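One structure is given below, encoded as structure tokens.
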Amino acid sequence: MLIPFRKSNKWGFCNTQKEIIIDCIFDKVRPFQRSVAVVRIGNKYGLIDCVGNVIINIENERVEIDQFHNIVWVNFKGKFSLFLITGELLLLNFCESYSFLYDSYYLVNKEGYEFIIDKWGNIFLDMKVEKIWPCGGDLFIICVEKFGLYNLYSKKILSCDFDDLKKLDDLNFGVFNGSKWALYNYSSDNLSSFKFDDLFEFNNGVGIASIDDKYFLINCAGDFFLNIFFDEIEYLVFGFYKYLKNEKWGIINVLGHNVVANKYDSIKNFTSDTFIIEKQGRQGLISCSGKVIIDPIFREIGKITDGLALATIEGFRQSIFGITNGNFGYINKFGETIIPFQFDFCRNFENGIGLVNSGGKFSIVSESYVNGYWAFIGSNGRLLSDFKYSKVGNNYEGIYTVVQNSKWGFVNNNGEEIIPPQYYYCTNFENSIALVENHKNLTFYIDSSGNEYWM
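Mapping to numbering that gives the first Met the number 0: the sequence shown position 269 is 268, numbers consecutive.
Here it is in structure tokens:
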């Protein structure tokens with residue numbers, strides 16, 4: 000493993016024993032990816048291999064590695080070229096910008112037109128297209144003054160004759176003629192009549208449509224799936240929809256059975272067979288069979304992760320200084336209290352560990368919790384650390400970034416400090432190394448054992 004090593008103001012690479020393998024002659028380096036690394040001299044970038052050989056000359060404005068597809072994007076004088084990770088040129092100075100789409104495909108822009116290329120440099124949809132939207136598989140919505148649907152090989156599915164076109168799922172598309180919407184199904188090559196005011200997402204062969212402000216379900220042919228009309232309807236999980244009637248929400252299944260009567264202010268997903276119901280500002284849980292698991296007694300129920308969901312009973316106390324609580328804890332999918340309601344805020348569990356806050360307030364301005372201190376907690380409710388961190392980052396490679404007394408350190412999945420807070424800046428760990436800045440304003444890399452790579 001080669002690690003970026005800083006020597007004075009120059010960078011090179013060393014092994015884990017801190018033996019220099021590639022001399023420190025660069026002004027900046029990035030960690031190795033797929034046996035190559037981006038390096039900078041002055042304000043120009045290039046690419047080297049693991050023994051220091053230059054693969055792509057150090058003369059470019061940008062060099063970006065796509066390690067998942069073994070290619071390199073290189074920007075020289077405003078134009079991007081495409082290389083294999085070995086340095087072999089595929090396309091030279093052929094576009095002004097690019098973005099990753101999916102699989103091995105990229106959307107590129109050349110002279111104001113968009114087209115698709117793959118990781119081998121093959122070009123698709125080179126038709127002077129103004130805009131391209133991927134639709135999954137090999138289908139794309141394109142715009143050439145108007146909207147149409149084409150496949151990757153420029154085969155016309157729907158000609159560019161429509162005022163709008165949108166994806167509803169991988170096989171169904173909404174087609175707009177300026178006044179009404181029609182449904183196009185790709186598998187049957189069927190276009191319905193233009194009769195809908197709007198069309199919405201499809202799930203498992205069933206979609207949502209509206210006419211005259213009434214919402215209903217349709218099949219892939221654009222016919223009524225259920226001859227029932229609602230003020231609003233939204234997909235929940237497989238086989239279930241929530242509907243609005245008389246300003247209250249209920250739940251029906253795809254057979255049209257009224258599973259939950261419309262008497263709730265809101266309904267949202269909780270698990271695959273359980274929903275959060277809300278009434279008069281309080282939330283509870285109900286099963287897909289319509290059985291109330293727990294009455295609406297909570298002010299808030301969060302999403303469930305690792306079998307636990309954060310929840311609060313007493314609710315928010317709002318003031319000009321923000322919102323405080325003091326009554327967050329965790330429940331399971333049955334609504335049972337697993338960790339008592341005793342914290343000012345909680346974060347979702349991840350990999351068996353949660354985060355709880357004491358003394359914090361919710362800032363209306365920043366829409367986040369501020370002040371107070373965070374501690375790590377296990378799923379059994381036992382605190383794994385003291386309340387001492389003013390900030391805790393997300394989990395990367397099983398490691399959290401934490402801040403104590405304005406200094407950054409690192410904590411593992413057991414809530415243990417593996418590197419005490421001592422740095423003035425840090426990144427998340429990636430491939431077992433992280434970039435940090437010390438009290439002398441020097442930046443360098445460390446490993447997860449706390450070894451520093453600089454001199």
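Note that the Cβ used here is the ideal one computed from N, Cα and C, for glycine as well. All values derive from a computational prediction rather than experimental measurement.
Alpha-carbon spacing of Ser7 relative to Gln32, whole angstroms: To locate residue 7, count along the sequence shown from 1; it is residue 8. To locate residue 32, count along the sequence shown from 1; it is residue 33. Near 24 angstroms, if we compare the C-alpha coordinates of Gln32 and Ser7.
CB contact check: Tyr214 to chain D, cutoff 8 angstroms: In the structure shown, chain D does not exist; there is a single protein chain.
Ala308 - containing beta strand (DSSP E), residue span: Residue mapping note: residue 308 aligns to position 309 of the sequence shown, counting from 1. Taken as a continuous stretch (DSSP letters only), the beta strand (DSSP E) holding Ala308 covers Leu307 to Thr311.
Thr442 vs Ala433 beta-carbon contact at 8 angstroms: On the sequence shown, position 443 is the one that residue 442 refers to. On the sequence shown, position 434 is the one that residue 433 refers to. Going by C-beta atoms, Thr442 is not nearer than 8 angstroms to Ala433.
For Pro133, the residue or residues it bridges with in DSSP: Within the sequence shown, residue 133 is the residue found at index 134, counting from 1. Pro133 is bridged to Phe139.
Beta-carbon contacts of Leu88 that lie in its chain and below 6 angstroms, excluding the five residues immediately before and after: Working through the sequence shown from its first residue, we reach residue 88 at position 89. Answer for Leu88: Phe82, listed in chain order.
DSSP bridge partner residues for Tyr263 (one or two, in chain order): Position 264 of the sequence shown holds residue 263. DSSP, once it has assigned bridges, lists Trp248 as partnering Tyr263.
Presumed contact (8 angstroms Cβ cut-off) between Phe75 and Asn92, rounded CB distance: Here residue 75 refers to the residue found at position 76 of the sequence shown. Here residue 92 refers to the residue found at position 93 of the sequence shown. Between Asn92 and Phe75 the Cβ distance is about 7 angstroms, and since that is below 8 angstroms, they are a contact.
Beta strand (DSSP E) runs contained entirely in the stretch 344–414, provided each spans 3 or more residues: 344–349, 352–357, 360–362, 367–369, 372–377, 390–395, 398–403 and 406–411
Contact belief for Val128 with Glu113 at Cβ below 8 angstroms, rounded distance in angstroms: Within the sequence shown, the letter at position 129 stands for residue 128. Within the sequence shown, the letter at position 114 stands for residue 113. Confirmed, Cβ separation roughly 5 angstroms.
Same chain, Cβ closer than 7 angstroms to Leu190, five either side skipped, listed in chain order: In the sequence shown, the residue the question calls residue 190 occupies position 191. The residues are Val174, Ala181 and Tyr183.
Euclidean distance between Cα positions of Asp197 and Ile140: What you label residue 197 is simply residue 198 of the sequence shown in a count that begins at 1. What you label residue 140 is simply residue 141 of the sequence shown in a count that begins at 1. Whole-angstrom Cα-Cα distance: 18 angstroms.
Expected contact under 8 angstroms - CB spacing of Gln403 and Ser389 to nearest Å: Position 404 of the sequence shown holds residue 403. Position 390 of the sequence shown holds residue 389. At roughly 7 angstroms, the Cβ-Cβ gap stays under 8 angstroms, so Gln403 and Ser389 are in contact.
Which of helix, strand or coil DSSP assigns to Thr273: Here the question's residue 273 lines up with position 274 in the sequence shown. In this structure, Thr273 counts as strand in the three-state DSSP scheme.
Collapsed DSSP secondary structure at Arg33 in the structure displayed: As a first step, residue 33 is located in the sequence shown; it is residue number 34 there, counting from the start. If DSSP states are grouped into helix, strand and coil, Arg33 belongs with coil.
Opening and closing residue of the beta strand (DSSP E) in which Val73 lies: Position 74 of the sequence shown holds residue 73. Ile70 to Phe75 is the extent of the beta strand (DSSP E) around Val73.
Span separating the alpha-carbon of Glu18 from that of Val37: Within the sequence shown, residue 18 is the residue found at index 19, counting from 1. Within the sequence shown, residue 37 is the residue found at index 38, counting from 1. Distance between the alpha carbons of Glu18 and Val37: 20 angstroms.
Rounded C-alpha distance that separates Phe494 from Ser80: Nothing can be reported for residue 494: it is not among the residues displayed for the chain, which extend from 0 to 454.
Cβ pair Ile131, Leu124 closer than 8 angstroms: Against the sequence shown, residue 131 aligns to sequence position 132. Against the sequence shown, residue 124 aligns to sequence position 125. Yes, they are a contact pair.
Asp26 in three-state terms, based on DSSP: As a working mapping, residue 26 is identified with position 27 in the sequence shown. In the structure shown, Asp26 sits in coil (DSSP, three-state: anything other than H, G, I, E or B).
Ser271 versus Ile285: straight-line alpha-carbon distance, rounded: By one-based count along the sequence shown, residue 271 stands at place 272. By one-based count along the sequence shown, residue 285 stands at place 286. So the two alpha carbons sit approximately 12 angstroms from each other.
Any non-hydrogen atom of the ligand FAD closer than 7 angstroms to Glu87 Cβ: No copy of the ligand FAD appears in this structure; indeed no ligand is present at all.
Every unbroken beta strand (DSSP E) inside the stretch 167–231 [3 residues or more]: 171–175, 180–184, 197–202, 205–210 and 213–217
Under the three-state DSSP convention, the category Lys78 falls into: Stepping through the sequence shown from its first residue, residue 78 is reached at position 79. In the structure shown, Lys78 sits in a strand (DSSP, three-state: E or B).
Proximity winner among Lys387, Gly334 and Thr336, relative to Leu354 (alpha-carbon distances): Walking along the sequence shown from the start, residue 354 turns up at place 355. Of the listed residues, the one whose Cα sits closest to Leu354 is Lys387.
Residues that DSSP places opposite Asn92 in a beta bridge: Within the sequence shown, residue 92 is the residue found at index 93, counting from 1. None, per the DSSP bridge assignment.
Three-state secondary structure assigned by DSSP to Phe333: Reading the sequence shown from its first residue, position 334 is the one you call residue 333. Reduced to three states, the DSSP call for Phe333 is coil.
For Ile352 and Pro345, the rounded distance between their alpha carbons: Start at 1 with the first residue of the sequence shown, and residue 345 comes out as number 346. Start at 1 with the first residue of the sequence shown, and residue 352 comes out as number 353. The residue asked about is misnamed: residue 345 is Cys in this sequence, not Pro. Roughly 11 angstroms between the two C-alpha positions.
Cβ-Cβ separation, Asp48 to Ile54 (assumed contact under 8 angstroms), whole Å: Along the sequence shown, one-based indexing puts residue 54 at 55. Along the sequence shown, one-based indexing puts residue 48 at 49. 6 angstroms between Cβ atoms; contact.
Outcome for Gly41 when other beta-carbon atoms lying within 10 angstroms are tallied against a minimum of 16: On the sequence shown, residue 41 is found 42 positions in, with the first residue counted as 1. Burial call: exposed.
C-alpha gap between Glu277 and Lys247, whole angstroms: For the purposes of this step, residue 277 is taken as the residue at position 278 of the sequence shown. For the purposes of this step, residue 247 is taken as the residue at position 248 of the sequence shown. Glu277 and Lys247: Cα-Cα distance of roughly 10 angstroms.
Distance CB(Ile300)-CB(Gln282) smaller than 8 angstroms: As a first step, residue 300 must be located in the sequence shown, where it is residue number 301. As a first step, residue 282 must be located in the sequence shown, where it is residue number 283. For Ile300 and Gln282, yes; Cβs fall inside 8 angstroms.
Neighbour-count burial assignment, Val205, 16 or more Cβ in a 10 Å radius: Counted from its first residue, the sequence shown places residue 205 at position 206. Val205 should be labelled buried.
Between the CA atoms of Tyr452 and His438 - distance to the nearest angstrom: The count along the sequence shown starts at 1 and reaches residue 438 at position 439. The count along the sequence shown starts at 1 and reaches residue 452 at position 453. Going from the Cα of His438 to the Cα of Tyr452 covers about 16 angstroms.
Chain-order list of residues whose beta-carbon lies under 8 angstroms from that of Asn59 (same chain, five-residue window excluded): Numbered from 1 along the sequence shown, position 60 holds the residue referred to as residue 59. Cβ within range, chain order: Lys43, Tyr44, Gly45, Val73, Asn74 and Phe75.
Where the beta strand (DSSP E) containing Thr442 begins and where it ends: Here residue 442 corresponds to residue number 443 of the sequence shown, with the count starting at 1. Counting along the chain, the beta strand (DSSP E) containing Thr442 begins and ends at Thr442 to Asp446.
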